[in-house]
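Taking our numbering, I'd label the letters of the sequence shown as residues 67 to 242. Using N, Cα and C, we set each Cβ at its ideal position, and we do this for glycine too.
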Amino acid sequence: MLERAIGFALTSVQAVTPDMLPRRTPCASWDLEMLLLHLGESLSALHEGLALGSVKLASVPLAQDAHPVSVVRVSAIRVLRASGALGRVEIGDRRLEGDLMAAAGAVEVAVHGWDIAQASGERRPVPCGLAEQLLKVCPAVMPGVRDRLFAEPVESGPDADAGERLVARLGRRPLR
67 MLERAIGFAL TSVQAVTPDM LPRRTPCASW DLEMLLLHLG ESLSALHEGL ALGSVKLASV
127 PLAQDAHPVS VVRVSAIRVL RASGALGRVE IGDRRLEGDL MAAAGAVEVA VHGWDIAQAS
187 GERRPVPCGL AEQLLKVCPA VMPGVRDRLF AEPVESGPDA DAGERLVARL GRRPLR
């Protein structure tokens, strides 16, 4: 699931050009550059958890000339190359099962991939099969995370597909 979410996000960043970085995103008060850097940081934290079994709570400063798309790509590749979760992962003073951390990461990566696709003008939906899997894990990974990462759910409409229901569950207005 995490690999599929990363694949979707990497496909979404392909369309991003430097002149798009100031564009607004579906995330209130975020521009595309901020969102890309946030996604890069999230992917770096996932890599730490998967590769080392712990996640530092302080972010590592980026190189002065780091391009946000490159940050996402490099961080994504590191996650994909990680050997896998080492059972429990330490995040600050908490411990979390590695598969639960990967599931939470997949939700975040996929939805931010959708955000990037909207801001770039690609309007790419989250693939239905992936979205169905992510909707199933949302109840386990969303408690306590929503306030920090996502807005309150919005109505998705009676004929919404799984991708639209997923982004609506995480506070985005699905585009039709």
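In terms of Cα proximity to aspartate 181, the closest of Glu99, Met67, Val121, Arg147 is Glu99. The alpha-carbon of proline 92 is positioned some 7 Å away from that of alanine 185. With distances taken between CA atoms, arginine 70 lies nearest to Ala168 out of Asp225, Ala168, Arg189.
The Cβ atoms of alanine 217 and leucine 68 lie no closer than 9 Å to each other.
Counting other Cβ atoms within 10 Å of its Cβ, glutamine 199 reaches 16 or more and is therefore classed as buried.
When secondary structure is reduced to three states using DSSP, valine 121 falls in the strand class.
About 6 Å separates the beta carbon of valine 137 from that of leucine 103, a gap short enough to meet the 8 Å contact definition. No Cβ-Cβ contact shorter than 9 Å links serine 110 with histidine 178.
In terms of Cα proximity to proline 191, the closest of Gly164, Arg239, Val203, Glu221 is Arg239. With a cutoff of 9 Å on beta-carbon distance, proline 219 and alanine 234 are scored as near each other.
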